[in-house]
Structure formats: structure tokens, C-alpha cells
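Since the structure comes first, as C-alpha cells, the remarks are kept for the end.
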Amino acid sequence: MDLDAVLLARIQFAFTISFHIIFPSFTIGLAAFIATLLVRWRLTGREHLRRLARFWTKIFAVSFAMGVVSGIVLSYQIGTNWSNFSVVVGNVLGPLLGYEVLTAFFLEATFLGILLFGWNRVPPNIHVLAAILVAVGTSLSAFWILSANSWMQTPAGHEVRNGIAYPVDWLAVIFNPSFPYRFAHMFTAAYLTTSLVVLAVGARYLMKGRFPEEAKTMLHMGLGMVAILAPLQVLIGDQHGLNTLEHQPAKIAAIESHWDGSKPGALVLFAIPNEKEERNSFEIAIPGAASLILKHSTDGLFPGLKEFAPQDRPPVFPVFLSFRVMVGMGVLMLALGFTGAWLWFRGTLFQTRWYLNLAQYAWPLGFIAILAGWYTTEVGRQPWIAQGILRTADAVSPVSFGAVLTTLILFIIVYGIVFATGIYYINRLIEYGPRGTAAETAEGLPSRPLTAAEKAAHDAIEGA
Amino acid sequence: MDAIHYWLPVLWAAIIGAAVALYVILDGFDLGLGILFPFTPEEERRDVMMNSVAPFWDGNETWLVLGGGGLFVAFPLAYAVIMPALYLPIIIMLLGLIFRGVAFEFRWTAKPNHEFWDKAFAYGSITAAFMQGVVLGGYLQGINVQNNAFAGGTFDWFAPFPLFTGAALVVGYALLGTTWLVMKTEGELAVNARRWSKYLLLAVLVIMAIVSLWTPLLFERIAERWFTWPNLLYLSPVPLLTALAAFACWYGLNSGREVLPFVSAVSLFLLGFLGLAISNVPYLVPPTLTFWDTAAVPESQIFMLIGVLVMLPMIIGYTVYVYWTFRGKVREGEGYH
Chain P
1 MDLDAVLLAR IQFAFTISFH IIFPSFTIGL AAFIATLLVR WRLTGREHLR
51 RLARFWTKIF AVSFAMGVVS GIVLSYQIGT NWSNFSVVVG NVLGPLLGYE
101 VLTAFFLEAT FLGILLFGWN RVPPNIHVLA AILVAVGTSL SAFWILSANS
151 WMQTPAGHEV RNGIAYPVDW LAVIFNPSFP YRFAHMFTAA YLTTSLVVLA
201 VGARYLMKGR FPEEAKTMLH MGLGMVAILA PLQVLIGDQH GLNTLEHQPA
251 KIAAIESHWD GSKPGALVLF AIPNEKEERN SFEIAIPGAA SLILKHSTDG
301 LFPGLKEFAP QDRPPVFPVF LSFRVMVGMG VLMLALGFTG AWLWFRGTLF
351 QTRWYLNLAQ YAWPLGFIAI LAGWYTTEVG RQPWIAQGIL RTADAVSPVS
401 FGAVLTTLIL FIIVYGIVFA TGIYYINRLI EYGPRGTAAE TAEGLPSRPL
451 TAAEKAAHDA IEGA
Chain C
1001 MDAIHYWLPV LWAAIIGAAV ALYVILDGFD LGLGILFPFT PEEERRDVMM
1051 NSVAPFWDGN ETWLVLGGGG LFVAFPLAYA VIMPALYLPI IIMLLGLIFR
1101 GVAFEFRWTA KPNHEFWDKA FAYGSITAAF MQGVVLGGYL QGINVQNNAF
1151 AGGTFDWFAP FPLFTGAALV VGYALLGTTW LVMKTEGELA VNARRWSKYL
1201 LLAVLVIMAI VSLWTPLLFE RIAERWFTWP NLLYLSPVPL LTALAAFACW
1251 YGLNSGREVL PFVSAVSLFL LGFLGLAISN VPYLVPPTLT FWDTAAVPES
1301 QIFMLIGVLV MLPMIIGYTV YVYWTFRGKV REGEGYH
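The listed protein sequences correspond, in order, to chains P and C. FYI, the numbering for the first sequence is 1 to 464, going by my numbering. FYI, the numbering for the second sequence is 1001 to 1337, going by my numbering.
As C-alpha cells, then:
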């Protein structure tokens, strides 16, 4: 297979996984948020908490459906597009994905039925339990998939015989060197993402004077999480970076756009990396600052890109750029969290309109950061698909260029229609808001997840 | 070959076979409802049809992930050969499942302009069902393998037999769908479903007869498997039980029974599945690679087996619980919306 077909297969996988990752990274936190709301409702009996849980459950249902259908595609694409990858690492990675299906997918998919449709069918405590189990399922799913991904970055607990990887020590495979850091980083990112959405929706309602009770709860819960998790994420990210330096120094060199390892690394704020001449054009940098971060000393040395043969280097610019986008989002989150916490402490949070006005537009920050971070780590792993074991170019399936191109076009069309519509519907649900659904259906059968959007549609038509 | 190397792959083939069979049954009636959508234009009835599976479809579809994922875990080489060989049907099936899946959530919000998502549900289901049949037929007709890798063409599956099995599976899923409606609904919808079930049952029996004749004619190894003595004797219960299931289904439909038609339609499917399995054992990639040729190392299979032994009873337990929670008839106008 020629290189173009490899690139096409990569574009296809990058496209489908980029769409997919948005939804689980939102639903992991959202499931926990809903479970927390329901537990608080059971403990305090405050009805607005249940209304909020119902409201977010509808959004969860739409997001989760999109996560499921786009996730199934991935589980098959590993075989359809990366069959040699399956052969070479299947013995090691297969069981990790298998455990994800057995411990997580069935749990979340099955109890989702109870969570969505069980509001009045099962006793309240069972319903709360279902919400908790869905949250546990989404977290377990993250555990296994990140373990598998980390193994591709920092393989351990295996041996390679005749080009095929075989498991030797399962605990070493699962808890491979980068896994604890990656899991902490991604899990925190997922919770941050959801918290930012919750915070933004609360701010949006408060700005318009709608649902004040629910809005204040959302502001407090969302902001509380952001204020704690954003600084925590900086620490975790730093540790993750040190771990990457130890195990994937080429990725760090690309992130820092650091060419010459014999000199201390400058913190490059912006540059155009020039791969041909092995230097940066238009560099704006703080001398020694990257060494300070990575080696805790301004004259510490860490490997530069020149120490790696050109065919062993990741593409520099995408890694360099996406890392900066991620960090930029993180800085915005920090600012949002600190400012909000200060206003909260002063007791003026709900009255500070400039802050609420900004916060209502903060919902995309987490998504952008996750996508950018994901590109950093995945592109930074190149040219390897499994670091040191198998190169991406050697992993593709014997599928024709035309077939991959056709399906890529189909994916772009289908995902364009389906996911644009889904996001539009989620926005409509948010526009409709947590109206008195809890009391409304007390005597009847449980409500469908999208009833609210449906009503919103009718309202919109009547209002027009 | 020692016992571990012999029996582990056999056990794993049985587990994956069971997962695929469960998927075919469980998502079969979900997809069947989508296939019936074009024949049920009334909005209220479509609501009821969708509501009858809405709490379950997500769990049902997960068996597809276990089937595909299980193949990757236990037989990575088979996974690596089969998936590229059936590249287009598999991807198109997945695209069909995307439309079908999101339609469950999107259809309600689009009302009263939900026509697009009605179509998405119907044609997504039909596409997925047809392509699953094509995958089955393309798999059965054999995959061109050289040096442990797929060596055939992009359109090898575009042949009479896979296209026939594609159409056959659409008809079969429709039967699962109609008998599900006989069980889960009432009123005119259930009456219609009962009438349709009879036609569909006859069609399924004709299809099963054709496949039973076609496969031994097409593949000598299958003819040898079924029509040599004493295999003929040992395997005779399969067609006999199939006839019994067909009779039970027919009887149940004519005598007003509500559960029997569905249960016997499921039995028909399982027997058909068993028949195909018998035809191909021990080949996992017919006609070249066996369970043992494609198996992961025992360390991987054992590690995963522990998970299956612990988790599968729990999964089955809570799946039954959810079905039990939402038991009984789904009525018009009082769905979940």
C-alpha cells in the first residue's frame, strides 16, 4: 500500500475519532453530575435538584446516543483500516478493549434504559442507583480505553517475538508508565469540560433571569468544580509532561519545538518550525524557561529534535500548535475559575453581569482543550502507531485507495448531518430549559428524553 | 497440540458465536421495526413501535461490539482478515446503524417535522440489516487469504449469494419485528403484525430452504459435512427442530398466542445460525483459517476468559432486570413521550 493510502486511512480515523471523543468526554462528567444531583435530591428533598437532573438527563441521552453510534464505528475501524495493527498488538490490546466492553459498555447502555425511562417505573433509590451505575460505566470505559491508548504510547509488560507483541505481565500492560498520568489528565479534562458547560448554562439562564434557583445551583456546582479542577489540571499536566519526557522525548521536543539538545530549551511562545532547516522561523521565546519546566533548572538539558533521525520525528508544527491551543484554553479556565471563586467569596457572583456574560460563552473551552490535547499526544506519537513496536505506515489494511476515499467521503457527509443536527437539538433543549418536568409526569408514564425540545419547537412555532 | 491450545480457541469460538447470535436476535427485532416503518405510515403506531424497544436498543447494540471486539481479542488474525475483506459492507452497515441509533433520540424533537428521522430510522435499519446479511454471505462464500492476510478484491462480496443473504436477513429481521409487535402491542397494530408475520414466516422458510440447498451446492466441504454417514444422522435434529419451530410459530400466529410466535421465530433464527455454524466449524475464516490458526495466545484468551466468566452472568442478570422492568404491552398515546 502506498503512502497516500496510509495518509487517507489516518485522516479517516482522525476524523471519526475526533467526532467521537467530543461526546464521551462530555458524558463522563455529565453522568457523574446527574448522579450527584439525584443523590443530593434524595438527601435534601429539594425538588429543583430533581428537575435539574431530568433536564440534564435529556441532554445526556442525545449526547450518549451520538457517542455510542460513533464509538461502534471505531471498534470496527481498527480491523477494517488497521488490520496489521490488530495482528501485531491484538494479543496485548485486545483484552483491554474486551474488558471495556464487558465492564463498561453493557453497564452504561443497559442502565441508561432505567435512567431515561425509569423515572416513575422503578423506586427512586433504584433510579438513583441506575444513574450512579451509568456514571461508573462511563468512568470504567475511560479507564480501559486510556489504558489501551497509553500502552500504544508507552508499551510495557510485553515481549516482541517475530514482530508480534505478546503479553507477559498483565498488570504491567494495564498500568503502563504513562497510564496513571494520562488517565488523571483525561479524566480531569472530562470533568472540567462538563463543569464548564454546566457553568455556562447556569450563567446563560441567570443573564436572562430564567430558572434562577436552578441557575444558581448550576453556577455553584460548575464553578466550584472549575475553580478546583483547573489548577489541579495544571499540576497533573505538568507531571504528565515529565512522564512524556522520560518515555517519549521526541514528542516533548516537538511540543517545545526544541531542535538542539546541547543547549537549554527556551519556552517558545510562538514560532514557525522549519523542518527542512531544522530550526524555528519567527521565534518568540523565553530563554531557558522550557528547561525550567521540564528539568527544574534554566540550564537543564533535554533531547532536541536533531537527536532523532528525521524518519523517527513526529510532524513538528501540528504538535507544537495544538499543545499551545490546549494550554491557552487551560489559562482561560484558570482565569474563569479564579475570578468566579473570588466573586463567590465576595458574595457578588450572581450580580456580576460582566462575569456571567463571559461565563455563558465558556462552554467550548473544555472541548477545544480536549481535542487539542488529543492531537498533541496522538500526532506526537508518530511515526509510531505503537511506540517502538509498529510504525503507522506498516499498520494499515490491504484495502484499496478508492474504498477508503469513498468511505471517508461518506463519513464526512453522514457525520456532518447527524452531529450538526444533534448539537442543534442539544442547544434547543438548553433553550427550553429545566421546566417543571418533575411534577408534570408524576402521575403519568416517564417522559421521553426529547419531549422538551419537542415542546420548545411547538412554543417557537406558536410564538412566531 | 495440548489441551489448552486445543480447547481455549474452541471455547472462545463458542463465546463469540453466542455473542453474535444474541446480537442477531436482540438487535434483530429492533432493526425489524425499522424495516416495518415504511409499511406503517400512522404516526401513533410508529411511536408505539419505537417506544417498545427504546429502553433496550442501546444494550442490544452492545452485543455487536462484543462480537466484533471478541473477535479482535480472541482471534486477532481472523479479525484482521475478515474486516478488510468485507470493508464496504461493514462501513455502510455502521453508517446505517448511526442513522438508526440517533433517530431514537432525534425523531421526537423534530416533531411535527420528523419525516427525515422517520426515514433515517427506516432506511438506516434496512441498510444495516441488508449489509449484515451481505457480510454473512460474503463470509460464508469464503475469503481469499494469502500469507495470513486478505488478498481479495474490494467487491468480492458483490456476488449472488451474499446479495441473497442480504435480502434474506431483511426478511428475517422483519419477522422478528412483527412477532415482537404481536407480543408487545395491542389493537390494530398487533392484528396487522400477526397477519404480516404469517407471510414473513413463509418467506423465511423458503429462504432457509434455498440457503440449505445453495450452500452444499456451492461448497463441497459443506455438502460433505451434512450428507455423509453418520453425520447425516447426528445432524438430523437440526432440520427436524427447525420444522418444529416453524410449526410452533405458525400455530401460535393462528391460535392468537402472543408470546409463542416470537419465541419460535427466535428459535428459528438460532437453529439457522447453528446450521451455518455446523457447516463451517472449525473454520473461522472459511475456507482456509481455523480457530487454531487465528487464535490469540493462551495468555490473552485466559485473561479475557476470566472477565467473561465474571462479567457475563452479571450482564445477563441486569439485562433481564431491565427487560422485566419494562415488561408488558406498550399502548398507543401513552408511550414514553
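By construction, the Cβ of each residue, glycine as well, lies at the ideal position given by its N, Cα and C atoms.
- prompt: Which term fits residue 158/P, buried or exposed, when burial requires 16 or more other beta carbons within 10 angstroms of its beta carbon?
  reply: Counting Cβ neighbours within 10 Å, residue 158/P comes out buried, since at least 16 surround it.
query: Using a beta-carbon distance below 8 Å, is residue 10/P in contact with chain C?
result: Residue 10/P does not count as touching chain C.
field: Local Cβ density within 10 Å of residue 1178/C, reported as buried at 16 or more and exposed below that
entry: So residue 1178/C ends up on the buried side.
query: Which residues of chain C have a Cβ atom closer than 7 Å to the Cβ of residue 122/P, listed in chain order?
result: By Cβ distance, chain C contributes 1325.
- request: Grab me the residues of residue 63/P's own chain with a C-beta within less than 8 Å of its C-beta, minus the 5 sequence neighbours each way, in chain order.
  value: Closer than 8 Å at the Cβ level, and outside the excluded window around residue 63/P, lie 23, 26, 27, 30, 422, 426.
field: Below-8 Å beta-carbon distance, residue 83/P vs any chain C residue
entry: Interface with chain C (8 Å Cβ-Cβ cutoff): residue 83/P is included.
task: Answer with buried or exposed for residue 1058/C, where buried requires no fewer than 16 other C-beta atoms within 10 angstroms of its C-beta.
output: Residue burial annotation: residue 1058/C is buried, with at least 16 other C-beta atoms found within 10 angstroms of its C-beta.
CA-to-CA distance, residue 134/P to residue 107/P, given in whole angstroms: About 7 Å.
- prompt: Between residue 177/P and residue 156/P, which are expected to be in contact by the criterion C-beta below 8 Å, what is the C-beta distance as a whole number of angstroms?
  reply: Correct: roughly 6 Å between the Cβ atoms.
query: Taking the alpha carbon of residue 144/P as the point to measure from, which residue in 166/P, 84/P, 187/P has its own alpha carbon closest?
result: Checking every option, the nearest Cα to that of residue 144/P belongs to 187/P.
task: Specify the secondary structure class of residue 1148/C as computed by DSSP and reduced to three states.
output: Correct three-state label for residue 1148/C: coil.
message: Under DSSP, the alpha helix (DSSP H) around residue 1321/C begins and ends at which residues?
response: Its alpha helix (DSSP H) spans residues 1298 to 1325.
field: Residues of the stretch 1105 to 1132 of chain C whose Cβ lies closer than 7 Å to any Cβ of chain P, in chain order
entry: Listed in sequence order: 1105, 1106, 1108, 1109, 1111.
- prompt: What's the call for residue 437/P, buried or exposed, on a 16-neighbour Cβ count within 10 Å?
  reply: Residue placement at residue 437/P is poorly supported in this model, since its pLDDT is 49, which falls under 50; the coordinates are not used for a value here.
query: Using the C-alpha atoms, what's the distance from residue 250/P back to residue 1085/C?
result: Each residue's alpha carbon lies about 36 Å from the other.
- request: Can you pull the chain C residues whose beta carbon is under 7 Å from the beta carbon of residue 62/P, in chain order?
  value: Against residue 62/P, the close residues of chain C are 1105, in the order they occur along the chain (beta-carbon pairs closer than 7 Å).
task: Mind the definition here: the stretch 1036 to 1056 of chain C touches the stretch 1010 to 1021 of chain C only if three or more C-beta pairs lie below 8 Å; say whether that holds.
output: Taking one beta carbon from each stretch, the stretch 1036 to 1056 of chain C and the stretch 1010 to 1021 of chain C have fewer than 3 pairs nearer than 8 Å; the two do not touch.
- request: Indicate the three-state DSSP secondary structure (helix, strand or coil) for residue 1186/C in the structure shown.
  value: Coil at residue 1186/C, not helix or strand.
task: May I ask you to verify whether the stretch 85 to 103 of chain P touches the stretch 136 to 152 of chain P, counting CB pairs closer than 8 Å and requiring at least 3?
output: The answer is yes - the stretch 136 to 152 of chain P touches the stretch 85 to 103 of chain P, with three or more Cβ pairs under 8 Å.
query: In terms of DSSP beta bridges, what is residue 84/P paired with?
result: DSSP, once it has assigned bridges, lists no residue as partnering residue 84/P.
- request: Counting only the same chain and skipping the five closest in sequence on each side, list residues whose C-beta sits under 8 Å from that of residue 1222/C.
  value: Hits under 8 Å: 1215, 1216, 1279, 1280.
- prompt: According to DSSP, what are the bridge partners of residue 284/P?
  reply: Beta-bridge pairing links residue 284/P to 270/P.
query: Among 61/P, 288/P, 75/P, 355/P, which one has its Cα closest to the Cα of residue 1063/C?
result: Taking only the C-alpha atoms, the option nearest residue 1063/C is 75/P.
Residue range of the unbroken alpha helix (DSSP H) whose run includes residue 1100/C: Residue 1100/C -> alpha helix (DSSP H) spans 1087 to 1110.
- prompt: Taking the continuous beta strand (DSSP E) assigned at residue 160/P, which residues delimit it?
  reply: Unbroken beta strand (DSSP E) run through residue 160/P: 158 to 161.
query: Anyone know if the C-beta pair for residue 283/P and residue 259/P falls short of 8 Å?
result: Their beta carbons are not under 8 Å apart, which means residue 283/P does not touch residue 259/P by this criterion.
- request: Compute the beta-carbon to beta-carbon distance between residue 1295/C and residue 1075/C, rounded to the nearest angstrom, for a pair I have assumed lies under 8 Å.
  value: Yes, residue 1295/C and residue 1075/C are in contact; Cβ-Cβ is about 6 Å, under 8 Å.
query: Which parts of the stretch 87 to 163 of chain P are runs of the alpha helix (DSSP H), unbroken and 4 residues or longer, counting only runs that do not cross its ends?
result: Within the stretch 87 to 163 of chain P, complete alpha helix (DSSP H) segments of at least 4 residues are found at 106 to 117, 124 to 153, given in chain order.
- request: Apply the 10 Å Cβ neighbour rule to residue 443/P and answer buried if 16 or more other Cβ atoms are within range, or exposed otherwise.
  value: Legend: pLDDT at residue 443/P = 34, less than 50; position of this residue unreliable, value from coordinates given subsequently. When all chains shown are included, residue 443/P counts as exposed.
field: chain P contacts from the stretch 1007 to 1041 of chain C (Cβ-Cβ distance under 7 Å)
entry: Along the stretch 1007 to 1041 of chain C, there is no position whose C-beta sits under 7 Å from a C-beta of chain P.
- prompt: According to the Cβ coordinates, are residue 1126/C and residue 1082/C closer than 8 Å?
  reply: Their beta carbons are not under 8 Å apart, which means residue 1126/C does not touch residue 1082/C by this criterion.
task: Give the DSSP bridge partners of residue 166/P, in chain order.
output: DSSP output for residue 166/P lists 159/P as bridge partner(s).
Any chain P beta carbon closer than 8 Å to residue 1288/C: So, not an interface residue.
task: Put residue 1180/C into one of helix, strand or coil per three-state DSSP.
output: Residue 1180/C falls in the helix class under three-state DSSP.
- request: Quick one: measure Cβ to Cβ for residue 1073/C and residue 1289/C, integer angstroms, because I've assumed they're closer than 8 Å.
  value: That belief does not hold up - the Cβ atoms of residue 1073/C and residue 1289/C are roughly 17 Å apart, past 8 Å.
task: Identify each residue in the stretch 149 to 161 of chain P for which the Cβ-Cβ distance to at least one residue of chain C is less than 7 Å, and report them in chain order.
output: Answer in chain order: no residues at all.
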